[in-house]
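See structure below.
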Amino acid sequence: MSSLAPTAFRVAVIGGGPAGLMAAQAAAAGGAQVELFDAMPSVGRKFLLAGRGGMNITHAEGYQSFVTRYGRQSHRLRPALDQFGPQQVRDWVHGLGVDTFVGSSNRVFPTDMKAAPLLRAWLHRLRESGVQFHMRHRWTGWQDGQLAFDTPDGARLLVFDAVILALGGGSWARLGSDGAWVPLLRAQGVAVAPLAPANCGFDVDWSEHFSSRHAGEPLTTVAITAIDIDGLRVKRQGQFVITAGGVEGSLIYALSAALRDQIARDGSTTIWLDLAPDHSHERVFDEVTRPRGARSMSSHLQSRLGIKGVKSGLLRECVSAADFADSETLARAIKLLPVTLKRPRPIDEAISSAGGVAFDGVDGAMLRAMPGVFVAGEMLDWEAPTGGYLLTACLAGGKAAGEQALAWLEGRRQ
Numbered sequence: 001m002s003s004l005a006p007t008a009f010r011v012a013v014i015g016g017g018p019a020g021l022m023a024a025q026a027a028a029a030g031g032a033q034v035e036l037f038d039a040m041p042s043v044g045r046k047f048l049l050a051g052r053g054g055m056n057i058t059h060a061e062g063y064q065s066f067v068t069r070y071g072r073q074s075h076r077l078r079p080a081l082d083q084f085g086p087q088q089v090r091d092w093v094h095g096l097g098v099d100t101f102v103g104s105s106n107r108v109f110p111t112d113m114k115a116a117p118l119l120r121a122w123l124h125r126l127r128e129s130g131v132q133f134h135m136r137h138r139w140t141g142w143q144d145g146q147l148a149f150d151t152p153d154g155a156r157l158l159v160f161d162a163v164i165l166a167l168g169g170g171s172w173a174r175l176g177s178d179g180a181w182v183p184l185l186r187a188q189g190v191a192v193a194p195l196a197p198a199n200c201g202f203d204v205d206w207s208e209h210f211s212s213r214h215a216g217e218p219l220t221t222v223a224i225t226a227i228d229i230d231g232l233r234v235k236r237q238g239q240f241v242i243t244a245g246g247v248e249g250s251l252i253y254a255l256s257a258a259l260r261d262q263i264a265r266d267g268s269t270t271i272w273l274d275l276a277p278d279h280s281h282e283r284v285f286d287e288v289t290r291p292r293g294a295r296s297m298s299s300h301l302q303s304r305l306g307i308k309g310v311k312s313g314l315l316r317e318c319v320s321a322a323d324f325a326d327s328e329t330l331a332r333a334i335k336l337l338p339v340t341l342k343r344p345r346p347i348d349e350a351i352s353s354a355g356g357v358a359f360d361g362v363d364g365a366m367l368r369a370m371p372g373v374f375v376a377g378e379m380l381d382w383e384a385p386t387g388g389y390l391l392t393a394c395l396a397g398g399k400a401a402g403e404q405a406l407a408w409l410e411g412r413r414q
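The sequence shown begins at 1 in the UniProt record's numbering and counts up one residue at a time.
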């Protein structure tokens, strides 16, 4: 255990996700006496669950492209990412004794693909640096200038020199990110944009016939074209899954911000599916209009273009019988099949959330309305696609908040 000077600053970190843990690490490294509070029985619960299918730490694409993945808020996040970007994240993981590798999609993973060993090594390092952990401490705001907590032993009021809030967004409430902090900050004059689902699925009014036959089936090797809220055309290729009531999966998540904003403005939005992205319009037209003899159109599409199963079902679902019988119209539909999305799935089903503390209300990471209170991670109004971008920005923001809290305290001491 490291020794602390009697005059060490006392810093509270509220929230035990990646942003909070990194803020605690940064503050402790600067000599602060750090105490971390979380409402759950243990820290890093969403981190662990997200890692069940393979812990995607960061992304290995070129840095200039990497930064653009944060969309309109890229310039807000860049200062922190410049200091602790993808390579620094990998170096930090290696420093915890965990090796990494770059997958075929440029996503970076631990060699064992697991989150738990990384979290264990990190917590051991934090405890060695003097960080104290208080579990089952639900922060309930401020009372007479003190931090208020509900604990198994009753209410507690505590005073610290600086506070770092890293309470997450509004998705996966059962793991701690429940957005309960929003009214607490608004009551203090902090501007908070409404939380909204990000990296989420969407509802589609499928027929019972289609839903009962194809729910749960993946659509592989497809492309989606969408129009964002600024009228710009966006196209992505990949895969997604048909659900009983809509669509979800990586390709949908990559477009979810644009689709969500369109629905919020217009009430619904339309995506266009290319069911044969590896073939040109001309090739598809030639194959569809080729004489098929006694074969049905469905058999013809399967043999000539490999369109079968759920892809064939989608054509039947979204194209009228008359248009399906018209070769030219059907060829166009294979390359540009309209699907109307009605609404995003509820925020608690989303991988992450958008909205949060407005950047105009912070200086660096400190709340302008509350000097000495810093925010990090998904609490701020930004979003990013899956692929390691969320975690990298949370780690970078946590590190920046911890360092800025110490710099602010040092400035007051002088």
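Where is the CB? At the ideal position from N, CA and C, for every residue including glycine.
- Between the segment 9-26 and the segment 35-51 there are three or more C-beta pairs closer than 8 Å, enough to call the two in contact.
- Just measuring C-alpha positions, the residue of Gly31, Leu147, Leu175, Arg78 sitting nearest Phe47 is Leu175.
- The three-state reading of DSSP puts Glu35 in strand, counting E and B together.
- The beta carbons of Ala396 and Gln87 sit about 12 Å from each other, so the pair does not count as a contact at 8 Å.
- When secondary structure is reduced to three states using DSSP, Pro338 falls in the strand class.
- Counting the other Cβ atoms within 10 Å of the Cβ of Arg107 gives 16 or more, which makes it buried.
- Secondary structure at His134: strand, using DSSP grouped into helix, strand and coil.
- Residue environment analysis places Ser177 among the buried positions, since at least 16 neighbouring C-beta atoms fall within 10 angstroms of its C-beta.
- Contact annotation: Val288 and Ala276 have beta-carbon atoms that are not nearer than 7 Å.
- About 25 Å separates the beta carbon of Pro194 from that of Gly16, a gap too long to meet the 8 Å contact definition.
- By the criterion of a C-beta distance shorter than 8 Å, Arg368 is surrounded in its chain by Gly361, Val362, once the five residues flanking it on both sides are discounted.
- With the rule of 3 Cβ pairs closer than 8 Å, the segment 162-172 does not count as touching the segment 303-317.
- Around Phe101, the same chain offers Phe109, Thr111 as residues with beta carbons nearer than 7 Å, after the five sequence neighbours per side are excluded.
- By the Cβ-count criterion, Thr68 is exposed, with fewer than 16 other Cβ atoms from all chains shown falling within 10 Å of its own Cβ.
- Across the structure, Ser207 and Glu378 are spaced so that their CA atoms are roughly 37 Å apart.
- Under the three-state reduction of DSSP output, Pro197 falls in the strand class.
- Annotated three-state conformation of Leu380 is strand, per DSSP.
- Residue pairing by DSSP places His59 opposite Arg107 in a beta bridge.
- Thr392 is not a Cβ neighbour of Val159, given a cutoff of 7 Å.
- Residue range 281-289 is occupied by the alpha helix (DSSP H) that includes Thr289.
- Under the rule that a run must span 3 or more residues, the beta strand (DSSP E) segments found entirely inside the segment 67-120 read 100-102, 107-110.
- Closest by C-alpha distance to Ala322, out of Val234, Leu77, Ala28, Met297, is Met297.
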